[in-house]
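**Q** Sequences listed follow chains G and V, in order.
Take the first sequence: its letters are residues 1 to 397, numbered as in our numbering.
Take the second sequence: its letters are residues 1001 to 1089, numbered as in our numbering.
Glycine included, C-beta positions come from ideal geometry on N, C-alpha and C.
Once you've had a glance at the structure underneath, I'll fire off some questions.
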Amino acid sequence: MAISMTTLTPENILLSREEVLRYSRHLIMPEVGMAGQKKLKAARVLLIGTGGLGSPTALYLAAAGVGTLGIVDYDIVDLTNLQRQVIHGTKDVGRSKLDSAQDTLADINPHVIIHKYNVPFTSDNALDIIADYDIVIDGTDNFPTRYLVNDACVMAGKYNVYGSIFRFEGQASVFAAPGGPCYRCLFPEPPPPGLVPSCAEGGVLGILPGTIGTIQATEAIKLILGVGDPLIGRMLLYDALAMTWDTIKVKKNPACPVCSEHPTLTHLIDYEQFCGVPAHDHSDFSTAADQRPVLAISVRELKKRLDEGQPVFLLDVREPHEAEISTMGATLIPKDVVRQRLNEIPRDVPVVVHCRTGARSATVVRWLMDEGYSNAVNLAGGINAWAREIDPAILIY
Amino acid sequence: MATIKIPTPLRAYTAGHAVVTVSGTTVAEVLSDLAAQHPGLKQHLFEGGELRSFVNVFIGEDNTRDLQGLVTPVKDGDTLRIIPSIAGG
C-alpha cells in the first residue's frame, strides 16, 4: 500500500555530505535511495513510552535517520528496567527516561530532532501531542493508554503502529490506517481487571520487546517510505518459546464505535473508567475487580510480634521459583492452589499472608475472609518491604 | 479432533498446557469441550452462554466473529486459537 503523508515535504530536505555517508547502506537500495532517505528525514514519529518496546524502536528509528522523534514518558530509569530497556544504561538509574533516551539517541544520530513530553499521556493532552506527528508508536504498558492511543490516532488520522508483549508472547500490527481496522475492531472491550497481569506482575523475557519493537520500527519505516506491505488488516503473533510467527486477519468492524462510517465515539473518554484499571503510577484511579479493604500489618509490626514470641502463622502465596530467590521461612502455598489447601491454614492463630509486594496476598486475604477466616491479615509491601526495612540479607527482586 | 492454542494469560487455567486437543463440530462444541476439560477456563470464555466480548477465537487466520460465530463449523485437524488481549510494553 502506497502511503502519502501530508506533512512530509522531502523536496525541501537536504542531506549533508556526512549524512550521505552515514546512510550509505540505505541509499544504495532502490527501495530507499535519496528520495526515501529524505522522506525519512522529513518524517515525524511519536513514541508513547521509552520502555521495553519504545527503547529498540527509538534506537532504530534514530539510526535510520527519521528526522523528528517525539517521546512521551514521565518515568525514572529503575534498575529493574535494564533487563530489557536497552536505550538506558546502568549510569542512568535514577535519571528521567526522557533525558537518558535523548542522550543515547543523540549519540547514535545527532541529526535527529527530539521533542520530549515529560507527562502521562492522557485524554486531555493526547490530541494536542499527536497533532504534530505522522505516525504514533504504541509502546505503552497498560490497557487504558492503549485504547487512548488507538482512539486518538483514529480521530486525528494518524497511523497507530502497535506492539504488545507478555512473558514470551508478542503481537504487532498497524491500526488506524486509511480504510484499515483499528485496535477496537479486534478488541472492542478490555479484559476484566485482574485477568491479564502486567509485565511487572507476570514477567517478560527481556529480549521479547526487542523483537517486537524492531517490528514496529520496521513498519514505521515502511509506512514512511511507502514500500512493501504494512501490517494493515493483519496481526503478527510471536511465540518465543515455540519460536513461531503466525499471522491472523483483522477485519474492519462495520459497527466499530470509533473507526466505522458512523462512529458513536467521537471524543476521547475516561479510559481508566472504561478499563477499570489505572493507566499509570501517578493516577488516583483504583477500582480493581475486588477492592474490599483487607486488614494489613506493616513489616515492623510483624517483626515486633515475632520478637515478642506471639503466635503467627506466616503464609507465603508466591510461586516456588520465587521462594528460591528469597524466603522469610513462611509456609509456601501458591495463590492458585490456596483454596484447595485451606486445611493447611489454621483458624486459631493470626495468619499473616505475604507475597512479593503485597498485591497477590491481599487477594488471598479476601478469599480467606470469604471462607470465614477472621484471623488473616496482609503483610503490607510483601517480602520486598521486609528485606528493605527489617532484613537486608534478603534479596529484593 | 481439533486443537486449540491457549495464550499465556489463560494457561494458568489449563494446567500450563499451551495446546489442548478438543472434539466437536462447531466452535461452540469445541469450546464447551475445552471448558469441560479445564473448568477454570469457563468463566473467562463465556458470559451467559455468549463468548465474552474480549475473547477472540480464530480458526486458522480467520476470526470466528467474521465467520458464523459460535456455530462456525470445525473440521478434523483444524487449529483454533484464542487471541488474548495483552498490554505489556
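If you measure from the beta carbon of residue 165 of chain G to each beta carbon in chain V, is any gap under 9 Å?
**A** yes
**Q** List the residues of chain V whose Cβ lies closer than 7 Å to the Cβ of residue 142 of chain G, in chain order.
**A** 1087
**Q** Since residue 1009 of chain V meets chain G, which of its residues come closer than 9 Å, beta carbon to beta carbon?
**A** 166, 167, 169, 191, 195, 196, 197 and 202
**Q** In whole angstroms, what is the alpha-carbon distance linking residue 1064 of chain V and residue 1075 of chain V?
**A** 14 Å
**Q** Would you list the residues sitting across from residue 169 of chain G in a DSSP beta bridge?
**A** G:166 and G:239
**Q** Considering Cα atoms alone, identify which of G:345, G:113, G:135 and G:149 is closest to residue 126 of chain G.
**A** Minimum Cα distance to residue 126 of chain G is reached at G:149.
**Q** DSSP on residue 370 of chain G, reduced to helix/strand/coil?
**A** Helix, per DSSP.
**Q** Thinking C-beta only, is residue 204 of chain G closer than 9 Å to residue 166 of chain G?
**A** In this structure, residue 166 of chain G places its C-beta atom within 9 Å of the C-beta atom of residue 204 of chain G.
**Q** Would residue 1086 of chain V pass as a contact of residue 66 of chain G if the rule is Cβ separation under 9 Å?
**A** no
**Q** Can you tell me whether residue 43 of chain G is helix, strand or coil according to DSSP?
**A** coil
**Q** How big is the Cα-Cα spacing for residue 135 of chain G and residue 153 of chain G?
**A** 9 Å
**Q** I want to see whether chain V comes within less than 9 Å of residue 287 of chain G, judged by CB atoms only; does it?
**A** A caution first: residue 287 of chain G carries a pLDDT of 48, below 50, which makes its placement in the model unreliable, though a value can still be read off. No, because no Cβ of chain V sits closer than 9 Å to the Cβ of residue 287 of chain G.
**Q** Verify the CB distance criterion: does residue 387 of chain G have a CB-CB separation below 9 Å to chain V?
**A** no
**Q** Let's see if you can read the secondary structure: which residues bound the beta strand (DSSP E) around residue 210 of chain G?
**A** Where residue 210 of chain G is concerned, there is no enclosing beta strand (DSSP E), although the alpha helix (DSSP H) it sits in stretches over 208-225.
**Q** Mind checking who residue 376 of chain G pairs with in its DSSP beta bridge?
**A** G:351
**Q** Note down, in chain order, each residue of its chain lying with its Cβ closer than 7 Å to the Cβ of residue 357 of chain G, except the 5 sequence neighbours on either side.
**A** 381, 382 and 384
**Q** Below 7 Å on C-beta distance, what does residue 1058 of chain V contact in chain G?
**A** Below the 7 Å Cβ cutoff, chain G contributes 248 as neighbours of residue 1058 of chain V, in chain order.
**Q** Whether or not the stretch 18-32 of chain G and the stretch 175-185 of chain G are in contact is what I'm after, with contact meaning three or more pairs of Cβ atoms, one per stretch, closer than 8 Å; do they touch?
**A** Remark: fewer than three beta-carbon pairs, one from each stretch, lie closer than 8 Å, so the stretch 175-185 of chain G and the stretch 18-32 of chain G are not flagged as touching.
**Q** Please identify, using Cβ separations under 9 Å, the residues of the stretch 50-73 of chain G that lie next to chain V, in order along the chain.
**A** 51, 52, 53 and 54
**Q** Does any residue of chain G have a CB that is nearer than 9 Å to the CB of residue 1002 of chain V?
**A** no
**Q** Under 8 Å Cβ-Cβ, which residues of chain G neighbour residue 1044 of chain V?
**A** 195
**Q** Closer than 9 Å, CB to CB, is residue 188 of chain G near chain V or not?
**A** yes
**Q** Would residue 102 of chain G be called buried (16 or more neighbouring beta carbons within 10 Å of its own) or exposed?
**A** buried
**Q** Identify the residues that DSSP records as bridge partners of residue 1079 of chain V: which are they?
**A** V:1003
**Q** Would you please verify whether the beta carbon of residue 1039 of chain V is less than 9 Å from any beta carbon of chain G?
**A** Not flagged as an interface residue toward chain G: residue 1039 of chain V, since no C-beta distance is shorter than 9 Å.
**Q** Beta carbon of residue 1063 of chain V: closer than 8 Å to some heavy atom of the ligand SAH?
**A** The ligand SAH is not among the ligands present in this structure, which contains no ligands whatsoever.
**Q** Residue 130 of chain G and residue 158 of chain G look like a contact to me (Cβ under 8 Å); what is the Cβ gap, rounded to whole Å?
**A** Yes, they are in contact, since the Cβ atoms of residue 130 of chain G and residue 158 of chain G sit about 6 Å apart, within 8 Å.
**Q** Determine, for residue 1082 of chain V, whether the minimum Cβ-Cβ distance to residues of chain G falls below 9 Å.
**A** no
**Q** By Cβ distance below 7 Å, which residues in the same chain neighbour residue 75 of chain G in space, the five residues on each side in sequence not counted?
**A** 97
**Q** Below 9 Å between beta carbons is the criterion; list the residues of the stretch 230-242 of chain G that meet it against any residue of chain B, in chain order.
**A** Absence of chain B from the displayed structure is noted, the protein chains being G and V.
**Q** Please work out which residues of its chain come closer than 6 Å, Cβ to Cβ, to residue 259 of chain G, disregarding the five sequence neighbours upstream and downstream, and give them in chain order.
**A** 154 and 182
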